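A.B. asks: Would you mind keeping the following structure in view while I ask a few things?
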Amino acid sequence: MQFQCHIGDVIFLFKRNLKIKCPKNYMQKCYLFRGLDDQEIIRLGDTLLPIVRLSEVLKKKYAFTRKTRAETAAGYKSEKKSQSLNLAVLRTGLRQFGLVYDQIIGFEEIVVKPLHPNIKSLGIYSGVTIMSNGRAALILNPEGIAVHAGTQSFNNPARTLNQSVKKEKSLDILIFKSGIQERFALELHQIKRIEKIRLSDIEFIKNREFISINETTASIMRLDKVLNVSPCTEKNEMFLIIPKNIKQESGILISEIIDTVQFKEKINIETFIEPGLQGTGIIRNHMTLFLDIYGLFKKWQKSITLD
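Each residue of the sequence shown is one higher than the one before, starting from 23 at the first, in this note's numbering.
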């Protein structure tokens with residue numbers, strides 16, 4: 023599920039794997055402040071957040087400097103101090119900021135496609151998709167936007183008026199199922215992309231499974247072939263998780279994507295442990311198995327070699 027907004031006539035999307043809040047009645051609650059590290063700041067209740075204007079990010083080729091931020095703030099100086107803003111509060115990891123855009127369009131289920139090589143190096147984008155109306159849309163990377171706009175210069179991701187925000191470690195994770203019994207978790211930063219595939223498109227060579235995606239052949243791993251878990255539930259439409267930093271194009275076959283959440287507890291490393299698993303955690307009252315992606319693929323490659 024994707025959060026859609028637009029600047030001018032161009033549509034952009036955010037994955038809903040990060041916290042997005044669109045405050046109600048924010049015209050009465052939000053006030054603009056300027057001068058803190060030459061960054062525009064917005065007051066939201068008792069919290070001060072750095073503002074990033076999406077239109078300015080798209081205009082500027084290079085990462086913002088202090089001078090760039092000062093010029094941007096000066097350009098909006100004529101705006102009223104109290105005003106209505108189309109604002110989304112984005113949180114990615116420990117970083118939090120307010121994104122100003124033109125308009126919310128809505129939410130839509132889409133399939134994420136990789137970026138063209140010519141724009142892959144631009145950190146503010148994480149993918150591209152074709153929407154249900156046939157229009158192309160770029161998927162924005164909130165972490166890349168925050169870095170490009172220079173919001174990393176703030177010591178605290180969000181500053182309160184009354185007290186400092188206590189930093190706490192949290193993990194942005196994807197929760198999913200393979201078989202009927204277990205729930206699995208994988209950190210989002212370890213995922214390159216997720217492809218929706220048809221079971222009928224999987225091909226077999228000896229005892230291994232492969233699928234062709236965008237003219238590239240990817241090998242398929244089933245978790246029940248590597249871990250002591252229930253067999254993968256087969257459906258007409260499945261998902262393939264393509265991890266980052268894996269030499270050979272490979273993916274984990276899963277049957278269901280449950281949600282993306284932030285996990286703020288410690289992973290229990292004392293229960294249900296075997297090579298390929300980090301440990302367990304209780305998420306929404308369900309025991310969830312955290313994958314060790316590199317240990318998992320190492321174990322899988324070893325089993326393939328033995329076969």
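Each residue gets a CB set at the ideal place from its N, CA and C atoms; glycine is no exception. Since this is a predicted model, take the numbers as computed values, not measurements.
Buried or exposed: Glu237, going by 16 or more other Cβ atoms within 10 Å of its Cβ?
C.D. replies: By the 10 Å Cβ count, Glu237 comes out exposed.
A.B. asks: Would you say Leu221 and Lys257 are within 8 Å of each other, going by their C-beta atoms?
C.D. replies: In this structure, Lys257 lies closer than 8 Å to Leu221 by Cβ.
A.B. asks: Helix, strand or coil for Arg91 per DSSP?
C.D. replies: Helix.
A.B. asks: Helix, strand or coil for Phe319? Go by DSSP, reduced to three states.
C.D. replies: Helix at Phe319.
A.B. asks: Leaving out the 5 sequence neighbours to the left and right, which residues in its chain are closer than 6 Å to Glu217 when beta-carbon positions are compared?
C.D. replies: Once the five neighbours on either side are set aside, the close Cβ partners of Glu217 are Ile235, Leu262.
A.B. asks: With DSSP run on the structure shown, which of helix, strand or coil describes Gly166?
C.D. replies: Helix, per DSSP.
A.B. asks: Ile274: which of Gln284, Asn229, Ile213, Lys288 sits nearest, CA to CA?
C.D. replies: Of the candidates Gln284, Asn229, Ile213, Lys288, the one whose C-alpha sits nearest the C-alpha of Ile274 is Ile213.
A.B. asks: Keeping to the same chain, check which residues put their C-beta closer than 6 Å to that of Asp223; ignore five residues upstream and five downstream.
C.D. replies: Excluding residues within five positions, the ones whose Cβ falls inside 6 Å are Ile233.
A.B. asks: Alpha carbon to alpha carbon, what distance is there between Ile276 and Phe339?
C.D. replies: No answer is possible for residue 339: the residues shown for the chain start at 23 and end at 329.
A.B. asks: For the segment 262-290, list the beta strand (DSSP E) runs that are entirely contained and at least 3 residues long, ordered along the chain.
C.D. replies: You should have 272-276, 278-285.
A.B. asks: Going by other Cβ atoms of all chains shown within 10 Å of its Cβ, with 16 needed for buried, is Arg230 buried or exposed?
C.D. replies: Counting Cβ neighbours within 10 Å, Arg230 comes out exposed, since fewer than 16 surround it.
A.B. asks: Any idea which residues DSSP pairs Leu299 with across the strands?
C.D. replies: For Leu299, which the question treats as bridged, DSSP gives the partners Leu313.
A.B. asks: State the start and end residues of the unbroken beta strand (DSSP E) segment that holds Val150.
C.D. replies: From DSSP, the beta strand (DSSP E) with Val150 extends over 147-152.
A.B. asks: With DSSP as the reference, please indicate the residues paired to Arg306 in a beta bridge.
C.D. replies: Bridge partners of Arg306: none, in fact.
A.B. asks: I need the boundaries of the alpha helix (DSSP H) containing Glu217, first residue and last residue.
C.D. replies: Counting along the chain, Glu217 falls outside any alpha helix (DSSP H), though it belongs to the beta strand (DSSP E) covering 213-220.
A.B. asks: Confirm, please, whether the CB-CB distance from Arg75 to Val122 is below 8 Å.
C.D. replies: Yes; because the gap between Cβ atoms is below 8 Å, this pair is in contact.
A.B. asks: With DSSP collapsed to three states, give me the class of Ala110.
C.D. replies: Here Ala110 sits in strand by DSSP.
A.B. asks: With DSSP as the reference, identify every bridge partner of Leu121, one or two as the case may be.
C.D. replies: DSSP, once it has assigned bridges, lists Val74, Ala110 as partnering Leu121.
A.B. asks: So for Arg227, helix, strand or coil by DSSP?
C.D. replies: Note that residue 227 is Ile in the sequence shown, not Arg. Correct three-state label for Ile227: strand.
A.B. asks: Note down, in chain order, each residue of its chain lying with its Cβ closer than 6 Å to the Cβ of Ile337, except the 5 sequence neighbours on either side.
C.D. replies: The requested residue 337 is not part of the displayed model; the chain covers only 23 to 329.
A.B. asks: In this structure, does DSSP put Ala207 in helix, strand or coil?
C.D. replies: In this structure, Ala207 counts as strand in the three-state DSSP scheme.
A.B. asks: Pick out whichever of Glu204, Ile219, Ile289 has its Cα sitting closest to the Cα of Leu245.
C.D. replies: When only C-alpha atoms are compared, the closest one is Glu204.
A.B. asks: What does the alpha-carbon distance come out to for the pair Tyr316 and Phe119?
C.D. replies: C-alpha separation (whole angstroms): 32 Å.
A.B. asks: May I ask you to report which of helix, strand or coil DSSP gives Ala85?
C.D. replies: In this structure, Ala85 counts as coil in the three-state DSSP scheme.
A.B. asks: If you follow the beta strand (DSSP E) that Lys199 is in, where does it begin and where does it stop?
C.D. replies: Its beta strand (DSSP E) spans residues 193-199.
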